[in-house]
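Numbering (the numbering used here), first residue to last: 1469 to 1755.
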Amino acid sequence: MATVTVRKPRRRPGRLIAEIACCVIAALVAVPLYWMVLSAFKPAGEIQSAAPWTFAPSFESFERVLDSQGFGRYFLNSAIVALCVVALSMLLSFLSAVALTRFRFKGRTILLVMLLVAQMVPVEALTIPLFFMVQQVGASVPAFGLNQLAPLVLVNLAFSLPFAIWMLRGFVAAVPAELEEAAALDGASRMRFTWQVLFPLVAPGLVATSVLAFIHAWNDFLFAQTLIFSDVDNRTLPQAMRVFYKPEELDWGGIMAGATLMTIPVLVFFIFVQRHLASGLSGAVKG
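As structure tokens, this is what we get:
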């Protein structure tokens, strides 16, 4: 009876090099996060030590951060801004991507180029103009003036939309036009096709853009510090971290504990949508 030998597939050198490179990059990203969490749990006497672990973990830094005045209020403000940016970004980017992909109109190409150019403008160059713009608007509409959360939502939304629209264009373009024609033959209006057929098909792309929009709005410090500079009650979490930057001595335990607490909502949001994130990013590449 003849024996059949099964040959194991050989790993290609290129793939092995890519896997090693990915492991190195993952380590470079993970080490600072590990050091941040470790420093948050270290006692005050071990903060300055270079030991890669601690035998006496302490919650003292977390207690100091949570007991600081207004931390819960700052957390709520950041959550309101981030969630509003995510919701508005998903809605507006989807409608914009549909309009730029499914409709032919004059100036369409120019608009697409302007969206691309908007990504190239340095954020720092727009800080001062935005400050005076919000100041002038606030003179007429106080709710959208300085020291309010509404202009902070709009500014972060404006910087999240161009990338989100470009990413979603690939998803909308990947849906065959024949599908819309078939829906029209069945009596479905364009609005019904957009929300009941097209929207579920591009949902993975919406998830990917929502993650990026959430991270951008949650970690924003520059615009928050520029637009909310005197009203303590409307400050966000990145601004609250300044409490632990003391001129005479830096509170590294409080800084690391606060940064760890700031990272938790991002991880929770990422875990909540991670099932659709990989397909969303791959779809954007294909598109």
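For every residue, glycine included, the Cβ atom is placed at its ideal position computed from N, Cα and C.
* Which of the three DSSP states, helix, strand or coil, is assigned to LEU1718? -> Against the sequence shown, residue 1718 aligns to sequence position 250. Note: LEU1718 maps to strand in three-state DSSP.
* Quick one: Cα of VAL1492 to Cα of GLY1655, how far? -> Working through the sequence shown from its first residue, we reach residue 1492 at position 24. Working through the sequence shown from its first residue, we reach residue 1655 at position 187. Distance between the alpha carbons of VAL1492 and GLY1655 is about 55 Å.
* To do: Report the rounded CA-to-CA distance for TRP1663 versus THR1694, giving the unit in angstroms.
  => As a position in the sequence shown, residue 1663 is number 195, starting the count at 1. As a position in the sequence shown, residue 1694 is number 226, starting the count at 1. For TRP1663 and THR1694, the distance between alpha carbons rounds to 38 Å.
* To do: May I have the straight-line CA-CA distance separating GLN1707 from PHE1571, to the nearest angstrom?
  => Position 239 of the sequence shown, counted from the start, is the residue given in the question as residue 1707. Position 103 of the sequence shown, counted from the start, is the residue given in the question as residue 1571. So the two alpha carbons sit approximately 43 Å from each other.
* Name the two residues that bound the continuous alpha helix (DSSP H) containing SER1557. => Translated into positions along the sequence shown, residue 1557 becomes position 89. Run containing SER1557: 1539-1570, per the alpha helix (DSSP H) assignment.
* Please confirm whether GLY1721 and GLU1528 have their CB atoms less than 8 Å apart. => Within the sequence shown, numbered from 1, the residue matching residue 1721 stands at position 253. Within the sequence shown, numbered from 1, the residue matching residue 1528 stands at position 60. Yes; because the gap between Cβ atoms is below 8 Å, this pair is in contact.
* Taking just the CA atoms, how far does PRO1520 sit from LYS1510? -> Here residue 1510 refers to the residue found at position 42 of the sequence shown. Here residue 1520 refers to the residue found at position 52 of the sequence shown. Whole-angstrom Cα-Cα distance: 10 Å.
* Asked: Among all the DSSP beta bridges, which residues are the ones paired with TYR1713?
  -> Here residue 1713 corresponds to residue number 245 of the sequence shown, with the count starting at 1. Bridge partners of TYR1713: LEU1718.
* Thinking VAL1553 and ASN1615 are a contact (beta carbons under 8 Å), I'd like their distance in whole angstroms, please. => One-based indexing of the sequence shown puts residue 1553 at position 85. One-based indexing of the sequence shown puts residue 1615 at position 147. With 8 Å as the limit, VAL1553 and ASN1615 do not qualify as a contact, their Cβ atoms being about 18 Å apart.
* Asked: Between the Cα of PHE1691 and the Cα atoms of PRO1597, ASP1701, ARG1658, which residue gives the shortest distance?
  -> Mapped onto the sequence shown, residue 1691 falls at position 223. Closest option to PHE1691, Cα to Cα, is PRO1597.
* Does the segment 1715-1734 come within contact of the segment 1567-1582, defined as at least 3 CB pairs closer than 8 Å? -> no
* Asked: Straight-line CA distance for PHE1661 to GLU1648?
  -> The residue given as residue 1661 occupies position 193 in the sequence shown. The residue given as residue 1648 occupies position 180 in the sequence shown. Looking at the two C-alpha atoms, the distance is approximately 7 Å.
* To do: Report buried or exposed for TYR1713, applying the criterion of at least 16 other Cβ atoms within 10 angstroms of its Cβ.
  => Here residue 1713 is taken as the residue at index 245 of the sequence shown, counted from 1. Result: exposed.
* Asked: How many whole angstroms separate the CB atoms of MET1558 and LEU1674, which I take to be in contact at a CB cut-off of 8 Å?
  -> Locating residue 1558 in the sequence shown gives position 90, where the first residue counts as 1. Locating residue 1674 in the sequence shown gives position 206, where the first residue counts as 1. That pair is a contact at about 5 Å.
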